[in-house]
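S.K.:
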Amino acid sequence: MQRAPCIAYHRGMHDALLTGHPLLTCSVIRALEARALAATPAGLLMDRAASAVAEACASLLRAAPGRTPVLALVGPGNNGGDALLAALELASRGWSVSALATSSERPSAADARRARDAWDAGGRPLHGIDDLDALLADRPLVIDGLFGIGLARALSAPLAAIATRIAEAGLTVVAVDVPSGLDADRGSVVGGAAGTAIRAHLTVTMIADKPGLHTGAGASHAGRVKVADLGLPSLDLPARAFAAPADGPLPWGRLIDGDTVGPLLPARDRDTHKGRFGDVLVVAGAPSMRGAATLAALGAQAVGAGRLYLGVDDAAAAPASHPELMMRRITPGSSEGEAALGRAQAVVIGCGLGQGAAATAALAAALAHPAGLVIDADGLNGVAADGHLAERLAARAAAGRPTVLTPHPLEAARLLGLQTAEVQRDRIGSACRLAAATGACVVLKGAGTVVALPDGSWTVNASGGPILSVAGTGDVLAGTIGGLLAAGLAPAEAAARGAWLHGAAGDALAADPDWQGGVGLPASRLAEAIRALVNRRADRS
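The opening position of the sequence shown corresponds to residue 1 in my numbering, with each subsequent residue numbered one higher.
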């Protein structure tokens with residue numbers, strides 16, 4: 001795809017990222033660290049990092065069975081030094097500690113050498129890899145200090161075997177900065193399918209949070225994330241440090257969670273009426289697939305859309321269980337835009353749309369509509385397969401018409417001409433490239449859903465889990481975003497808040513004893529959970 005023009009309604013998201021929970025890529029982290037090292041006494045940052053790790057471990061140990069020992073895995077760099085000093089601090093608090101080094105050679109970095117000297121001064125042995133099984137026999141809490149953000153190639157076979165052995169044993173792991181083997185920027189395992197990474201229960205990450213801990217494989221490998229800022233101002237860098245490459249992501253974004261998502265909907269006056277909350281049209285496909293369009297309409301209803309229409313090309317009646325959904329006869333093919341679809345403040349298309357001439361005509365009509373547009377599922381596949389539709393999508397950006405795309409990784413891969421694995425290896429970069437190519441706001445679904453804009457700004461969503469891995473939940477998300485667009489939210493806001501709502505509603509369901517296994521959720525229940533969450537948060541505002 002050629003890059004589409006970036007339009008005005010996206011501007012300002014970059015500035016908004018200065019608030020909330022920042023996610024910094026390694027380039028920014030290294031710049032902050034280099035400046036801090038030059039301005040602080042030698043070893044101070046490592047001491048602070050070690051203390052943060054030790055305190056996190058102590059909190060876990062206090063809740064663990066008595067006499068649980070600690071095993072520090074010590075790599076060749078400063079992460080290994082952090083792990084050794086943290087183990088020494090825990091020893092001073094009375095816990096039994098041991099350490100396993102991946103190499104007998106002394107570290108080259110000055111701070112790491114200082115940590116090794118401190119360990120040696122205590123007369124404690126530094127075990128080798130051959131001692132692993134004996135060290136794991138007492139089921140220790142493990143401190144992962146093998147590698148940090150600088151790892152560029154897959155873990156070697158012996159170290160991959162350590163990661164596998166610890167995972168098989170089900171041991172509690174605290175990772176220093178980033179689980180070893182994980183790409184801190186992208187959330188993928190270094191080395192791809194051939195790579196291995198430590199699975200941590202808790203990651204104590206240094207200076208600032210990192211995107212790779214919250215998306216893709218990182219969302220599972222990092223566990224709970226605790227930020228140790230080491231006393232540094234996270235975003236105190238010159239503006240040039242935030243330059244975005246062409247059609248790529250800015251080197252910083254933010255994490256969307258319950259504290260940073262902001263107000264979900266505009267406040268409602270007592271003298272309001274349904275006309276103020278927007279009309280949402282969900283374009284339906286073949287009768288056999290209209291359940292998907294109904295789920296999208298229920299998502300829009302959950303966030304308070306004023307009127308809900310299912311757009312059909314026949315005389316179908318409203319679903320008996322949802323009489324509030326109105327049926328609208330549409331005429332794609334003979335006309336486009338409002339002439340074909342009727343008036344609405346938001347149009348949602350793709351959910352159960354199908355393929356073929358009728359679907360292509362409906363997509364063309366929707367792309368010509370002036371309302372905010374959400375394209376999902378079959379709609380995305382249609383754009384990927386038809387160059388004329390892709391041109392119409394870019395034309396919407398040139399005309400300043402807001403559009404949100406909601407692909408899962410396979411759909412994003414089709415749009416970008418990539419393999420799914422390539423998208424998953426760099427979810428943030430892929431989402432930003434797709435946004436730049438289309439001029440649309442992109443919601444790349446999956447673990448740590450990414451919301452990306454054409455100007456390179458991005459967010460990662462913190463909510464959601466395996467309970468959402470069922471057919472129909474994506475339709476509900478598309479409708480939810482459509483409902484927020486109809487309420488007057490800008491595409492970036494509608495996408496970020498819709499993604500958070502969708503995931504948080506899933507989390508609320510997963511906390512219910514009936515759903516704690518995360519299995520068998522009907523997607524229609526998700527729309528009801530979104531409605532309940534919106535109203536609970538409104539009560540607190």
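From the three backbone atoms N, C-alpha and C, an ideal C-beta is built for every residue, glycine too.
At which residue ranges does the region 99 to 154 contain complete alpha helix (DSSP H) runs of 4 or more residues, listed in the order of the chain?
M.R.: Listed in chain order, they are 110 to 121 and 132 to 136.
S.K.: Across which residues does DSSP place residue 24 in a beta bridge pair?
M.R.: Position 24 of the sequence shown, counting from 1, holds the residue named residue 24. Beta-bridge pairing links residue 24 to 252.
S.K.: Tell me which residue opens and which closes the alpha helix (DSSP H) that residue 359 is part of.
M.R.: Numbered from its first residue, the sequence shown carries residue 359 at position 359. Start and end: 357 to 367.
S.K.: Hey, residue 215 and residue 449: beta-carbon distance below 9 angstroms or not?
M.R.: Counted from its first residue, the sequence shown places residue 215 at position 215. Counted from its first residue, the sequence shown places residue 449 at position 449. In contact: residue 215 and residue 449 (Cβ atoms closer than 9 angstroms).
S.K.: Could you pull out every residue in the same chain whose Cβ sits closer than 6 angstroms to the Cβ of residue 348, ignoring the five residues on either side in sequence?
M.R.: What you label residue 348 is simply residue 348 of the sequence shown in a count that begins at 1. Excluding positions up to five away in sequence, the list reads 282, 296, 374, 478, 479 and 482.
S.K.: Terminal residues of the continuous beta strand (DSSP E) containing residue 326?
M.R.: Reading the sequence shown from its first residue, position 326 is the one you call residue 326. Looking at the DSSP string, the run of the beta strand (DSSP E) that includes residue 326 is 326 to 329.
S.K.: Just to confirm the assignment: which complete alpha helix (DSSP H) runs, minimum length 4, are found wholly within the region 484 to 517?
M.R.: DSSP runs (the alpha helix (DSSP H)) wholly in the region 484 to 517: 491 to 510.
S.K.: Between residue 352 and the rest of its own chain, which residues show a CB-CB distance below 8 angstroms, the 5 nearest in sequence each way excluded?
M.R.: Here residue 352 refers to the residue found at position 352 when the sequence shown is read from its first residue. Once the five neighbours on either side are set aside, the close Cβ partners of residue 352 are 284, 285, 286, 289, 290, 291, 292, 293, 377, 378 and 475.
S.K.: Please classify residue 238 as buried or exposed, where buried requires at least 16 other C-beta atoms within 10 Å of its C-beta.
M.R.: Counted from its first residue, the sequence shown places residue 238 at position 238. Only weak support is given to the placement of residue 238: the predicted model assigns it a pLDDT of 45, under 50, and the question is left unresolved by the model.
S.K.: Kindly identify the DSSP beta-bridge partner or partners of residue 303.
M.R.: The sequence position of residue 303 within the sequence shown is 303, counting from 1. Answer is none; residue 303 lacks a bridge partner.
S.K.: When burial is assigned at 16 or more other CB atoms within 10 Å of the CB, is residue 326 buried or exposed?
M.R.: Locating residue 326 in the sequence shown gives position 326, where the first residue counts as 1. With fewer than 16 Cβ atoms within 10 Å of its Cβ, residue 326 is classed as exposed.
S.K.: Looking at the strands, I want to know which residues DSSP matches up with residue 534.
M.R.: Residue mapping note: residue 534 aligns to position 534 of the sequence shown, counting from 1. Residue 534 is not bridged to any residue.
S.K.: Per DSSP, residue 349 is paired with what?
M.R.: Locating residue 349 in the sequence shown gives position 349, counting from the first residue. Partner(s): 283 and 375.
S.K.: Is it buried or exposed, residue 168, if we count other Cβ atoms within 10 angstroms and call 16 or more buried?
M.R.: Within the sequence shown, residue 168 is the residue found at index 168, counting from 1. Residue 168 should be labelled exposed.
S.K.: Run the CB neighbour count on residue 522, radius 10 Å, all protein chains shown included, and call it buried at 16 or more, exposed below.
M.R.: Numbered from its first residue, the sequence shown carries residue 522 at position 522. It is exposed - the Cβ of residue 522 has fewer than 16 other Cβ atoms within 10 Å.
S.K.: Less than 8 angstroms separating the Cβ of residue 424 from some heavy atom of the ligand SAM?
M.R.: Among the ligands in the structure shown, none appear at all, so the ligand SAM cannot be discussed.
S.K.: Based on the DSSP output, what are the partners of residue 459 in its beta bridges?
M.R.: Residue numbering aside, residue 459 sits at position 459 when the sequence shown is read from its first letter. Partner(s): 254 and 451.
S.K.: I believe residue 56 touches residue 210 by the beta-carbon criterion, under 8 angstroms. Please report the beta-carbon distance rounded to the nearest angstrom.
M.R.: The residue labelled residue 56 in the question sits at position 56 within the sequence shown. The residue labelled residue 210 in the question sits at position 210 within the sequence shown. About 16 angstroms separates the two Cβ atoms, so there is no contact after all.
S.K.: Return the CA-CA distance between residue 240 and residue 37, expressed in angstroms with no decimal places.
M.R.: Position 240 of the sequence shown holds residue 240. Position 37 of the sequence shown holds residue 37. Here residue 240 scores only 45 on pLDDT, less than 50, and its place in the model is too uncertain to base an answer on.
S.K.: So what does DSSP say about residue 469, is it helix, strand or coil?
M.R.: On the sequence shown, position 469 is the one that residue 469 refers to. It is coil, neither helix nor strand.
S.K.: Check whether the Cβ of residue 427 lies closer than 9 angstroms to any Cβ atom in chain B.
M.R.: The displayed structure is made up of one protein chain only, and chain B is not part of it.
S.K.: Considering only residues of the same chain and omitting the five flanking positions on each side of residue 101, which have a CB-CB separation below 6 angstroms?
M.R.: Mapped onto the sequence shown, residue 101 falls at position 101. Cβ neighbours of residue 101 beyond the five flanking positions: 74 and 126.
S.K.: Give me the residue from 385, 443 and 395 with the minimum Cα distance to residue 409.
M.R.: Along the sequence shown, read from residue 1 onward, the residue named residue 409 stands at position 409. For the residues 385, 443 and 395, the minimum Cα distance to residue 409 belongs to 443.
S.K.: Along the alpha helix (DSSP H) that carries residue 71, what are the first and last residues, could you check?
M.R.: Taking the first residue of the sequence shown as position 1, residue 71 is located at position 71. Note, residue 71: premise wrong, no alpha helix (DSSP H); beta strand (DSSP E) at 70 to 74.
S.K.: Let me know the secondary structure DSSP gives residue 529 once reduced to three states.
M.R.: Locating residue 529 in the sequence shown gives position 529, counting from the first residue. In this structure, residue 529 counts as helix in the three-state DSSP scheme.
S.K.: Using only alpha-carbon positions, find the residue among 154, 179 and 201 that is nearest to residue 170.
M.R.: Residue numbering aside, residue 170 sits at position 170 when the sequence shown is read from its first letter. Among 154, 179 and 201, the Cα nearest to that of residue 170 is on 201.
S.K.: Contact check, residue 465 vs residue 507 under 8 angstroms by CB: the rounded distance?
M.R.: As a first step, residue 465 is located in the sequence shown; it is residue number 465 there, counting from the start. As a first step, residue 507 is located in the sequence shown; it is residue number 507 there, counting from the start. Contact holds; Cβ gap of about 6 angstroms.
S.K.: With DSSP run on the structure shown, which of helix, strand or coil describes residue 67?
M.R.: On the sequence shown, residue 67 is found 67 positions in, with the first residue counted as 1. Residue 67 falls in the coil class under three-state DSSP.
S.K.: If we require 4 or more residues per run, which alpha helix (DSSP H) segments fall completely within the region 409 to 439?
M.R.: For the region 409 to 439, whole alpha helix (DSSP H) runs of length 4 or above, ordered along the chain, are 409 to 416, 420 to 425 and 427 to 438.
S.K.: Restricting to Cα atoms, I'd like to know which of 166, 87, 151 and 157 is closest to residue 136.
M.R.: Numbered from its first residue, the sequence shown carries residue 136 at position 136. For the residues 166, 87, 151 and 157, the minimum Cα distance to residue 136 belongs to 166.
S.K.: In chain order, which beta strand (DSSP E) runs of at least 3 residues are fully inside the region 168 to 195?
M.R.: Within the region 168 to 195, the complete beta strand (DSSP E) runs of at least 3 residues are 173 to 176.
S.K.: Within a Cβ cutoff of 8 angstroms, which residues of the same chain sit near residue 317, ignoring the five residues on either side of it in sequence?
M.R.: In the sequence shown, the residue the question calls residue 317 occupies position 317. Closer than 8 angstroms at the Cβ level, and outside the excluded window around residue 317, lie 327.
S.K.: Do residue 350 and residue 504 come within 9 angstroms of each other at the CB atom, strictly closer than that value?
M.R.: Here residue 504 refers to the residue found at position 504 of the sequence shown. Here residue 350 refers to the residue found at position 350 of the sequence shown. Against a cut-off of 9 angstroms, the Cβ pair of residue 350 and residue 504 comes out as no contact.
S.K.: Determine, using beta carbons only, whether residue 180 and residue 213 come nearer to each other than 9 angstroms.
M.R.: Within the sequence shown, residue 180 is the residue found at index 180, counting from 1. Within the sequence shown, residue 213 is the residue found at index 213, counting from 1. Against a cut-off of 9 angstroms, the Cβ pair of residue 213 and residue 180 comes out as no contact.
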